[in-house]
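Protein sequence lines, in the order shown, are assigned to chains Z and B.
Taken in order, the first sequence gives residues 476 to 587; the numbers are from our numbering.
Taken in order, the second sequence gives residues 231 to 345; the numbers are from our numbering.
Quick reminder that beta carbons are idealized off the backbone N, C-alpha and C, glycines included.
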Amino acid sequence: GQQLNQSPQSMFIQEGEDVSMNCTSSSIFNTWLWYKQDPGEGPVLLIALYKAGELTSNGRLTAQFGITRKDSFLNISASIPSDVGIYFCAGLFHSGNTPLVFGKGTRLSVIA
Amino acid sequence: SAVISQKPSRDICQRGTSLTIQCQVDSQVTMMFWYRQQPGQSLTLIATANQGSEATYESGFVIDKFPISRPNLTFSTLTVSNMSPEDSSIYLCSVEAGSGANVLTFGAGSRLTVL
């Protein structure tokens, strides 16, 4: 089935630094979603992308839907301690009849 | 978007037993989705639960192991049957958020540890 390659697997950064993570696939996706999961909680939607080339921001977060429709990135600017968590990308295969596919997640640690 | 409540939030279970997880949504939804998140892993869809019909299971998941009920438009249960340590996971209930097609809202999850 379709698979998403999410990288990096984990990151340790200093507070105030910018962060970038991405997801790639060999298949074309119609939708890209970025979620964050805090410990003991379910994933919470950060940004949804529906069109190739789309660039969307949510506060300090910015995500883009790659023009090839096979990749997406998420940037976090000026990181703060509460950014700690696991970030998942998720994509919907272009056929529309398959469930969301999730990446394996990027575990972010912020050092104050 | 919908608010989802799951019970139990966590449990420790003995091998060979079964546990039922409940998912309550604060609004009526057509489809409810059950996901599994194994330790340190991503989310994998177990099945889609529609009210009034049998759940649709993804490859690798079967009804005998993960029976699902969907008695009405706001409630569903997932049972993990005859558990083994490999079933230790977080089980998550989700529904479409309503803010956009295919966008899912998740419950907080039920963390099961099987001894």
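Nearest neighbour of Z/G566 by Cα position, chosen from Z/E492, Z/G517, Z/S501, Z/R582, turns out to be Z/S501.
Flagged as an interface residue toward chain B: Z/A523, by a C-beta distance shorter than 8 angstroms. Apart from sequence neighbours up to five positions away, the residues of its chain that approach Z/P483 with a beta-carbon distance below 8 angstroms are M496, T581, ordered along the chain.
Contact between the segment 531-538 of chain Z and the segment 287-298 of chain B is absent, with fewer than three C-beta pairs closer than 8 angstroms. Look at Z/K526: its C-beta is not under 8 angstroms from any C-beta on chain B.
Short of 8 angstroms from the beta carbon of B/P315, and not among the five residues preceding or following it, lie these beta carbons of its own chain, in chain order: R245, V344, L345.
Residues of the segment 270-288 of chain B with a Cβ closer than 9 angstroms to any Cβ of chain Z, in chain order: G270, Q271, S272, L273, T274, L275, T278, E288. Secondary structure of B/E326 (DSSP, three-state): strand.
In terms of Cα proximity to Z/E492, the closest of Z/G560, Z/S554, Z/L521, Z/N550 is Z/S554. Residue-level contact check: B/N332 touches chain Z, since one or more beta carbons of chain Z fall below 8 angstroms from its beta carbon.
Against B/A232, chain Z offers no close residue; the least beta-carbon distance is about 12 angstroms (beta-carbon pairs closer than 9 angstroms). Taking the CA atoms as reference points, Z/G517 sits about 10 angstroms from B/Q236.
About 7 angstroms separates the beta carbons of B/L342 and B/V310, which is inside the 8 angstroms limit, making them a contact pair.
From the listed residues Z/W507, Z/N480, Z/Q489, the smallest Cα separation to B/L334 is found for Z/W507. In this chain, the beta strand (DSSP E) harbouring B/T343 covers 340-344. DSSP lists B/R266, B/S340 as the bridge partner or partners of B/Y321.
Counting only residues of its own chain and dropping the five nearest sequence neighbours on each side, B/S248 has a CB closer than 8 angstroms to the CB of T309, V310, S311, N312, M313. A buried status is given to Z/K511, since no fewer than 16 other beta-carbon atoms sit within 10 Å of its beta-carbon. For B/G290, there are no C-beta contacts with chain Z under 9 angstroms, since the nearest C-beta of that chain is about 10 angstroms from it.
Take Z/L575, set aside five residues on each side of it, and the residues of its chain with a beta-carbon closer than 6 angstroms to its own are A565, L567, in chain order.
Contact with chain Z is absent for B/F305, since none of that chain's Cβ atoms lies less than 8 angstroms from the residue's Cβ.
Ranked by Cα distance from Z/L549, the first of Z/T573, Z/S557, Z/L583 is Z/L583. Under a criterion of Cβ atoms nearer than 9 angstroms, no residue of chain Z is adjacent to B/F296; the nearest Cβ is some 15 angstroms distant. For Z/F487, the uninterrupted beta strand (DSSP E) segment begins and ends at 485-489.
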